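**Student:** One structure coming up, written as structure tokens, with questions to follow.
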Amino acid sequence: MVLKMFSFHTLQGRFFLFHHSSGINFSTMSFPFGKKAESDTKKALKSLIAHELKTNGPSHKYIYLVINTDKPLARERDYVPRIIPVPNRMAKASESSILLITKDPSTPYREPILKKGSPTEDLFKDIMPLKKLRSLSKTTKSLKKLFSDYEVVVADHRVHHLLPDILGEVFYRGHKRVPFMVQLAKPDGVPVKKQDKVEKCDPKYVRDQVRSICKNTFYIPARDGTITVKVGYVDSTADEVTQNIASVVEFLKNPKFKPAGGVLKHNNQIRGLFVKTNESASLPIYKRVDEKKEDLDDIDDE
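With the working numbering applied, the sequence shown covers 209 to 510.
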């Protein structure tokens, strides 16, 4: 299975999400760091899943991969999720309650998205312009209701940068429900004066982005040496979660997936990998051997 991907950029060249012209071939992917690490990963996952089932019974809780790195990935706060493709689906867009946030007014986007027969006709639970979102965000109570009403929040890339100040800690603390970025139409690549610009919306393009967001996982560069990524559920199999972990690590290490991926190739090498749930202890699945320590051990042995 090969997943094809696409990307988009701002005028300044900064990437926002998505995906790349070269795909990931999951069927030929081997586990990073070798067979022992793969075996240790499966053992740790089986232990974690068994513990959760014994302690809390069957559930659909997230399993997280925690990656410790030599250096932080970000110097400043970053609120843009980067999509990581995985072979085993995290969720379906058709089974998720999704909120779309647009610039004002929402009419140029709402009409084509909700039009009968449109690919996005039943995709969103609600479409909300920025002005309405601002009015709803004036109290913590209304923000908490907004949080509980939607499992996924996506926003027009032109207003995405405004959302941290509007949605605040209710959505952003611990990356609980950070909005994803989408483009409502494919970029033309031709500069147009603001007064001459026609607001466009491509429902199929929107649907494809949202499907990718729901199906796959993501990471947000942190200012400490830790990356935390959802890789499965307690009711997933150890094999399924292991396959997703392999894909996540490959994406983050391999420079061919830049700019969203390939971030751990040189200055941010992986020190250790762990798996956990929200409530559990972290179980180690890989620890990098310190080469300098190994050299000293060899000298002592002599």
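Where a beta carbon is used, it is the ideal one built from N, C-alpha and C, also for glycine.
In this text the structure is predicted, and so the values were computed from the model without any measurement.
1) Which value, in whole angstroms, describes the spacing of the CA atoms of residue 412 and residue 392?
2) Rounding to the nearest angstrom, what Cα-Cα distance links residue 348 and residue 369 in this structure?
3) Would DSSP call residue 230 helix, strand or coil?
4) Figure out for me which residue from 287, 260, 247, 407 has the closest Cα to the Cα of residue 386.
5) Counting C-beta neighbours from all protein chains within 10 Å, is the total for residue 261 16 or more, i.e. buried, or is it exposed?
6) On a Cα-Cα basis, can you pick out the residue from 284, 464, 361, 281 that is closest to residue 310?
7) Just verifying my parser: in three-state terms, what is the DSSP assignment at residue 403?
8) Identify which residue in 240, 282, 272 has its Cα closest to the Cα of residue 449.
9) Using C-beta distances below 7 Å, list every residue in its chain close to residue 462, excluding the 5 sequence neighbours before and after it, in chain order.
10) Tell me where the beta strand (DSSP E) around residue 453 begins and ends.
11) For residue 485, which three-state DSSP category applies?
12) For residue 447, count neighbouring C-beta atoms within 10 Å of its own C-beta (all shown protein chains included) and say buried if the count is 16 or more, exposed if not.
13) Is there contact between the region 301-309 and the region 434-441, where contact requires at least three CB pairs shorter than 8 Å?
14) Is the region 234-254 touching the region 417-431 in the sense that three or more CB pairs, one from each, lie closer than 8 Å?
15) Can you name the start and end residues of the beta strand (DSSP E) that residue 363 belongs to?
16) I'd like the span of the beta strand (DSSP E) that includes residue 334, first residue to last.
17) Have a look at residue 293 and residue 300 and give me their C-alpha separation to the nearest angstrom.
18) Following the continuous alpha helix (DSSP H) through residue 440, name the residue where it begins and the one where it ends.
19) Here's a check: name, in chain order, each residue in its chain whose Cβ is nearer than 8 Å to the Cβ of residue 355, leaving out the five neighbours to either side.
20) In the DSSP assignment, find the unbroken beta strand (DSSP E) run with residue 276 in it and report its ends.
21) Between which residues of its own chain and residue 351 is the CB-CB distance below 6 Å, once the five residues before and five after are set aside?
22) Give, in chain order, every unbroken run of the alpha helix (DSSP H) that is at least 4 residues long and sits entirely within the region 259-331.
**Tutor:** According to the structure shown:
1) 9 Å
2) 20 Å
3) At residue 230 the pLDDT is 45, less than 50, meaning the model places this residue with poor confidence and gives no usable figure here.
4) Ranking the options by Cα distance to residue 386, first place goes to 287.
5) exposed
6) 361
7) Summary for residue 403: the model assigns pLDDT 43, below 50, so the residue's position carries little reliability, and this model does not support an answer.
8) The residue with the shortest Cα to Cα distance from residue 449 is 272.
9) 469, 470
10) Run containing residue 453: none in the beta strand (DSSP E); it sits in the alpha helix (DSSP H), 446-461.
11) Of the three classes helix, strand and coil, the one that applies to residue 485 here is coil, per DSSP.
12) exposed
13) Because the criterion of three Cβ pairs below 8 Å is not met, the region 301-309 and the region 434-441 do not touch.
14) no
15) 360-364
16) Taken as a continuous stretch (DSSP letters only), the beta strand (DSSP E) holding residue 334 covers 334-337.
17) 14 Å
18) Where residue 440 is concerned, there is no enclosing alpha helix (DSSP H), although the beta strand (DSSP E) it sits in stretches over 434-441.
19) 378, 379, 384, 385
20) 270-277
21) 345, 378
22) 315-322
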